[in-house]
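Participant:
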Amino acid sequence: MQTVINKVTGNDANNISGFDHESVPELKGRTAVVTGGTVGIGFEVAKALALAGARVLLLSRRSENAEEAISKIKSEADPTAPIVDVTFTPCDLGSLENVRQVGDRIREQEDRLDILVLDAGVGVNKYDVSADGIDRHFAVNHLGHFYLTNRVLPLMRRTTELPDTHVPRIVAVSSELHRALATTVKFASIDEINTDIGANGLYARSKLANILFIKYGLVERVLRPTNSRIVAIATHPGAVHTTQQDQFKDTFGTVMGTMMKHLTIPFMRNPEQGSLSTLWAATSEEVDQDPAKWNGHYITDPGQLNEESRAAQSPELGKNLWGLSELIVRKNLGPDALLPWDQHM
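Under the numbering used here, the residues of the sequence shown are numbered 945 to 1289, in order.
(1) For the beta strand (DSSP E) that Arg999 lies in, which residues bound it at each end?
(2) How long is the line joining the alpha carbons of Gly1065 and Asn1085, rounded to whole angstroms?
(3) Specify, as a first and last residue, the run of the beta strand (DSSP E) that Phe1032 falls within.
(4) Using beta-carbon positions only, say whether Leu1156 and Ala1256 come within less than 8 Å of one another.
(5) Quick one: what's Ile1059 bridged to in DSSP?
(6) With a cut-off of 8 Å, do at least 3 Cβ pairs link the region 1215–1227 to the region 1122–1129?
(7) Is Gln1248 helix, strand or coil when you go by DSSP?
(8) Could you tell me if Ile1137 is buried or exposed, where buried requires 16 or more neighbouring beta carbons within 10 angstroms of its beta carbon?
(9) Between Leu1167 and Val1175, what straight-line distance do the alpha-carbon atoms span, to the nearest angstrom?
(10) Is DSSP giving Ala1178 helix, strand or coil here?
(11) With DSSP as the reference, identify every bridge partner of Tyr1242, one or two as the case may be.
(12) So what does Asp1286 bridge to, in DSSP terms?
(13) Could you tell me which of Ser1172, Ser1269, Val1163 and Gly1077 sits nearest to His1241, measuring between CA atoms?
(14) Can you tell me whether DSSP reads Val989 as helix, strand or coil?
(15) Check for me: the alpha helix (DSSP H) holding Lys1159 runs from which residue to which?
(16) Is it buried or exposed for Ile1027, if we count other Cβ within 10 angstroms and need 16 for buried?
(17) If you reduce the DSSP assignment to three classes, tell me which class Val1073 lands in.
(18) Rounded to a whole number of angstroms, what is the C-alpha to C-alpha distance between His1206 and Val1068?
(19) Measure the beta-carbon distance from Leu1002 to Leu1057 and round it to whole angstroms, keeping in mind my assumption that it falls under 8 Å.
(20) Check whether the region 1073–1091 and the region 1030–1046 are in contact - that is, three or more C-beta pairs closer than 8 Å.
(21) Does the distance from the C-beta atom of Gly1047 to that of Leu993 stay below 8 Å?
(22) Could you check the C-alpha separation between Val1030 and Ala976 for me, to the nearest Å?
(23) Span of the alpha helix (DSSP H) holding Arg1101?
(24) Quick check on Asp1245: buried or exposed, where buried means 16 or more other Cβ atoms within 10 Å of its Cβ?
(25) Straight-line CA distance for Thr1109 to Thr1103?
(26) Just mark His1089 as buried or exposed, buried being the case when its beta carbon has 16 or more other beta carbons within 10 Å.
(27) Please confirm whether Val1117 and Leu1062 have their CB atoms less than 8 Å apart.
(28) Going by the DSSP bridge assignment, what does Asp1079 pair with across the sheet?
(29) Considering just the uninterrupted stretch of the alpha helix (DSSP H) at Leu1261, what are its terminal residues?
(30) Applying the 10 Å Cβ sphere with the 16-neighbour rule, what's the burial state of Ala1236?
(31) Are the beta-carbon atoms belonging to Thr1179 and Val1115 less than 8 Å from one another?
(32) By alpha-carbon positions, which one of Ala990, Glu1052 and Arg1005 ends up nearest to Ser1015?
(33) Give the straight-line distance between the Cα atoms of Asp1079 and Ser967, rounded to the nearest whole angstrom.
(34) Less than 8 Å between the beta carbons of Trp1285 and Asn1094, yes or no?
(35) For Gly973, I'd like the list of residues in its chain whose CB is within less than 7 Å of its CB, leaving aside the five on either flank, ordered along the chain.
(36) Are the Cβ atoms of Lys1130 and Asn1009 separated by less than 8 Å?
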């Protein structure tokens, strides 16, 4: 029974493949952006990148966790090493206008961007809408990241032209729960997205969107056609105990939500373990050595490719998602809201 549970949750020591935070190579001179970087998996990813020498920009909606996160990262630094370069920028991924402002600031003020980790997200939670009137799961977990990528991609393209540059990476944190949809998803209209399909369905749909965005959006539509050196990978962190389990109370009520939280936690990884697949995708030298092997793929543990669900392998769904995402952005921010995907700027 435990073996089955470990396989489903990803809480199997054999999956770790010997990769840990100490395996992250030196990143001095590189810059990383991590959404959701003040807590949970995002924090662990940001900490490892910063301690390896990268300049790290933490993006999160809630600023109250930022000071503590930065303090924790700096407290673990080698006192004989250079000063850890980590900063915080508030960003609400549920507001396209705020994403535009933050993305543009990064693109205009930073000299380079080597690593973009798309981690922030709404967990299994009840239906609600974003500042733009879109299902909050879809808006935060997918659409905000879609638009942030659009605003900073020109900077990543410029980074590929710098001397002695490693392969820049875009890593989207998805989930094996993308397989759990109990309804047919077409990504055909805003009305479809704004239909409440239950807490699990809303979360699963957004995680499916993460994989489709990487596979059929960024890689097939943008990166390969322009012969870009940038690599995009989707990851599954395993079932991880983070603050997202607190959202069970919003979805199922205080009593039932608390019970569910305490019943599931024993079978989950801690955030440090859950960060490993994403850290590997963002930093592994194996990706530098063979970018084509990993570009557009989905990994569930360090260095382990996994086959996505049938829905996540659908070019039609990928095409629909891309078109719908662009439609929503332009509907809310105007016809010129998107930067050209194939230009440096």
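No residue lacks a Cβ here, since even glycine has one placed at the ideal position from N, Cα and C.
Facilitator: The relevant details are as follows:
(1) Arg999 to Ser1004
(2) Going by the C-alpha atoms only, they are around 5 Å apart.
(3) Val1030 to Pro1034
(4) The criterion of a C-beta distance shorter than 8 Å is satisfied by Leu1156 and Ala1256.
(5) Ala976 and Arg1113
(6) no
(7) Under the three-state reduction of DSSP, Gln1248 is assigned to strand.
(8) buried
(9) 8 Å
(10) When DSSP states are grouped into helix, strand and coil, Ala1178 belongs to the strand group.
(11) Ala1178
(12) DSSP lists no beta-bridge partner residue for Asp1286.
(13) Val1163
(14) helix
(15) First-last for Lys1159: undefined, no H or E at that position.
(16) exposed
(17) strand
(18) For His1206, the predicted model reports a pLDDT of 41, less than 50, meaning its position is unreliable and no value from the coordinates is stated.
(19) For a cut-off of 8 Å, the C-beta gap from Leu1002 to Leu1057 is around 14 Å, too long to register as a contact.
(20) yes
(21) no
(22) 10 Å
(23) Gly1088 to Thr1103
(24) buried
(25) 7 Å
(26) buried
(27) In this structure, the beta-carbon distance from Val1117 to Leu1062 falls below 8 Å.
(28) Val1073
(29) Pro1259 to Leu1277
(30) exposed
(31) Result yes, Cβ atoms of Thr1179 and Val1115 sit closer than 8 Å.
(32) Ala990
(33) Looking at the backbone, the Cα of Asp1079 and that of Ser967 are separated by about 38 Å.
(34) With contacts defined by Cβ atoms closer than 8 Å, Trp1285 and Asn1094 form a contacting pair.
(35) none
(36) Cβ atoms of Lys1130 and Asn1009: not closer than 8 Å.
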